[in-house]
Structures are given as structure tokens and as C-alpha cells.
Amino acid sequence: MQTHQHKTAPESPIGIFDSGVGGLTVVRAMQAILPAERLIYFGDTARVPYGSKSQVTIRKYAHDDTAILMRYQPKMIIVACNTVSALALDVVEKTCGNIPVIGVLEAGAQLAVSRSEHKRIGVIGTQATVCSNAYACAINMLDSEVTVHSKACPLFVPLAEEGFTDHPATRLIAAEYLRAFDGHDIDTLVLGCTHYPILRSMIEQTIGPDIRIIDSAEAVACRAKELLTETGMLNTTSETENPHLLVSDLPQKFSMLYRLFMGSEMPDVELVEV
Ligand code: DGL
């Protein structure tokens, strides 16, 4: 496995990746919280979804995705994919060498623990994330008294990729999945997949107004700001610019979804081979 070493500066970009459009929710949160940072986003649209694949495959993809971003000499890598955060964060760290890595899962777990009043947390995520039990472990490392109930919602990823934010099919599937939390008395629900904030309003309507929703995308952006501040690596010079976008397939489809989720026209997108 190749390890990269390079010098970084506050002006260096931040590399962000996910399997597809889902990580754009992290890009959006980063732009809101850190507007001066240069962002490079890689969406592995050729190989989405990750969440239904084996650990071996996910770990290979995690290496490839990180290596692509390392070509741009980033000062930080954000794993905008809970599945990779759960199963392959060590692969990303190894591939990065000396660059700090932030996984979306850790940040989501922290925010959930700090917000749950009754220590009863629900987590929804991909099959791989839920089977790994990584959220429950991360939450219980922070507070062993918290009870965690998890439910895999594999159909949410293709629904988000299709842009079915307000579709009757999404409503039906959300009702079916979220029924798993009936009777468990959770007060907090973690959106443990970065595609899910795209369906947030439907999830909120289905689960009801009394349950607090945790968007791990926002949590990771706050964590990135903290870390950049602590290490003196905040970019104070650059003007706000569009993210540099890379995809591994179907750039045209990506542009339609970009417009939908980011609310602006997509800047140029580069096709890269994986
Ligand atoms: N958005 C990703 C996550 O946070 C991956 C979804 C997928 O490709 O299955 O887990």
C-alpha cells in the first residue's frame, strides 16, 4: 500500500470523498462553516453503493479514493462516508501518511451523545455500517450508559441518488424502515449515512417531531473547523470558490443532483479513472 508524504500549508485544499452524491451534504456544511477553504470532492459514482459491499471491497475502495485525493496535496482528508469511516478509517489514515483524517462517524457519535437527554439513541445507516456496530461502539466509548438501536436502510441510498426527496415511494419505505424504532423510546436519531440528509425532511416527518435528528455532515464540518483552528491551518487568505469536483462515472447525472442538493449550477467536473 502506497503512503504519501507532502508539505501542507493553510492554503492547501481539503479533500473530501464519498461513494456518490451523499458527501455533497458534507461539502455544503463545510461551505457554510468554513467558506474560505478550498474543497476537492471525489464522488465514486462508478462504484456506488458501498454499503452493500464486503469489508474487503470497501477497504480497497477507501485506499483508491484517498490516493486520488492525495494527488492534490491536501492538508486534511474528510471521509464523508460513514461506511468507509466504520470499516476502513485505518486504511485512509495509512494512505494519507502525515495528513489528519476526520471520519464522519466519530463526529456524528459525539454530537448524538451530547444531544440525547435520555440516553436512548437510534442510528440509521447502510447495511455495512450497521453490521459493523461501529456507531454503537463509538457512542458507548463516549458514554457507556447510552442504549443504541440501529436499523439498516439500504434503499435510502438509491432513492437519494435518484433525487426522490419527496416521492411517495420514499414515504412508504421510510415508514417501513423507521417502524423498527417503535417502542424503543429513542429521543435522538443519527443519520448515519451522508446520503440521508438529502431525505431529511421525509425522515423527520415519518419519525415525528419529538425526536432530534443528528446530521453527521454538520458534525464533521464543526470538527474540521476545530482541528484546523487548533493546528493553525485555517485558510484566511483565499476567496470563496466553488469546490473542485471529481467523479469516476456519469458526470452529467452528477450535475443534475448537484443542482438539486447544492442549489446552484455545478462547476466543471473532472472524470477520473478508479
Ligand atoms: N454515503 C455513504 C455513507 O455515508 C455510502 C452510501 C453507500 O454508498 O452505500 O455510508
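Per the numbering used here, the very first residue in the sequence shown carries number 5; after that it's consecutive.
Just so you know, even glycine gets a beta-carbon here, dropped at the ideal spot from N, CA and C.
Proximity test, residue i beta-carbon vs the ligand DGL heavy atom, cut-off 6 Å
i, result
"Pro271", "no"
"Tyr139", "no"
"Tyr279", "Because residue 279 is not part of the residues shown, which for the chain are 5 to 278, the question remains open."
"Cys197", "yes"
"Cys85", "yes"
"Asp22", "yes"
"Thr305", "With the chain covering 5 to 278 only, the question about residue 305 has no answer from this structure."
"Gly26", "yes"
"Val127", "no"
"Val161", "yes"
"Thr61", "no"
"Thr130", "yes"
DSSP three-state assignment for residue i, whether helix, strand or coil
i, result
"Ile190", "coil"
"Ile103", "coil"
"Glu274", "strand"
"Tyr45", "strand"
"Gly112", "helix"
"Phe168", "coil"
"Leu195", "strand"
"Gln77", "coil"
"Glu15", "coil"
"Val134", "helix"
"Val25", "coil"
"Ser56", "coil"
"Leu38", "coil"
"Ser89", "helix"
"Ala281", "Residue 281 is absent from the structure shown; the chain starts at 5 and stops at 278."
"Thr241", "coil"
"Thr233", "helix"
"Leu159", "coil"
Closer than 6 Å: residue i CB and nearest the ligand FAD heavy atom
i, result
"Asn246", "The model depicted lacks the ligand FAD and carries the ligand DGL instead."
Extent of the continuous beta strand (DSSP E) to which residue i belongs
i, result
"Glu180", "That residue, Glu180, is in no beta strand (DSSP E); its alpha helix (DSSP H) goes 172-182."
"Met80", "80-83"
"Ile18", "18-22"
Delimiting residues of the alpha helix (DSSP H) encompassing residue i
i, result
"Ser154", "Premise fails: Ser154 lies in the beta strand (DSSP E), 151-156, not in any alpha helix (DSSP H)."
"Phe258", "255-266"
"Arg216", "Note, Arg216: premise wrong, no alpha helix (DSSP H); beta strand (DSSP E) at 216-219."
"Gly126", "From DSSP, Gly126 is part of no alpha helix (DSSP H) but of the beta strand (DSSP E) over 124-129."
"His248", "Looking at the DSSP string, His248 is not in any alpha helix (DSSP H); the run it does join, the beta strand (DSSP E), is 248-251."
"Asp68", "59-74"
"Glu121", "Where Glu121 is concerned, there is no enclosing alpha helix (DSSP H), given that its DSSP letter is neither H nor E."
"Met206", "204-211"
Member of the options whose CA lies at the smallest distance from the CA of residue i
i, options, result
"Pro162", "Ser154, Thr12, Ser23, Met80", "Ser23"
"Ala156", "Cys135, Arg119, Gln35, Pro201", "Cys135"
"Asn239", "Ile62, Ile37, Met260", "Ile37"
"Ile81", "Ala111, Ser205, Ile18, Thr130", "Ile18"
"Pro14", "Pro53, Thr70, Leu73, Lys79", "Lys79"
"Arg216", "Ala90, Arg124, Gly236", "Arg124"
"Gly55", "Gln131, Val251, Asn102", "Gln131"
"Ala221", "Val83, Thr241, Phe46, Thr12", "Val83"
"Ile211", "Arg227, Thr233, His188", "His188"
"Ala228", "Val96, Gly26, Glu110, Ala66", "Glu110"
"Arg42", "Gln77, His10, Asn144, Lys64", "Gln77"
"Tyr139", "Thr169, Pro158, Val108, Gly167", "Val108"
Inter-residue CB distance, residue i and residue j (contact presumed, cutoff 8 Å)
i, j, result
"Phe258", "His199", "Actually they do not touch by this definition, with Cβ atoms about 14 Å apart."
"Leu231", "Ile106", "7 Å"
"Thr49", "Leu264", "So it is not a contact: roughly 15 Å between Cβ atoms."
"Thr72", "Leu91", "According to the sequence as given, residue 72 is Ile; it is not Thr. Not confirmed; about 19 Å, so no contact."
"Ala142", "Ala113", "4 Å"
"Leu195", "Ile128", "7 Å"
"Glu165", "Val52", "7 Å"
"Val224", "Val30", "6 Å"
Short CB-CB distance (under 7 Å) between residue i and chain B
i, result
"Arg42", "Structure shown: chain B not included; a single protein chain is present."
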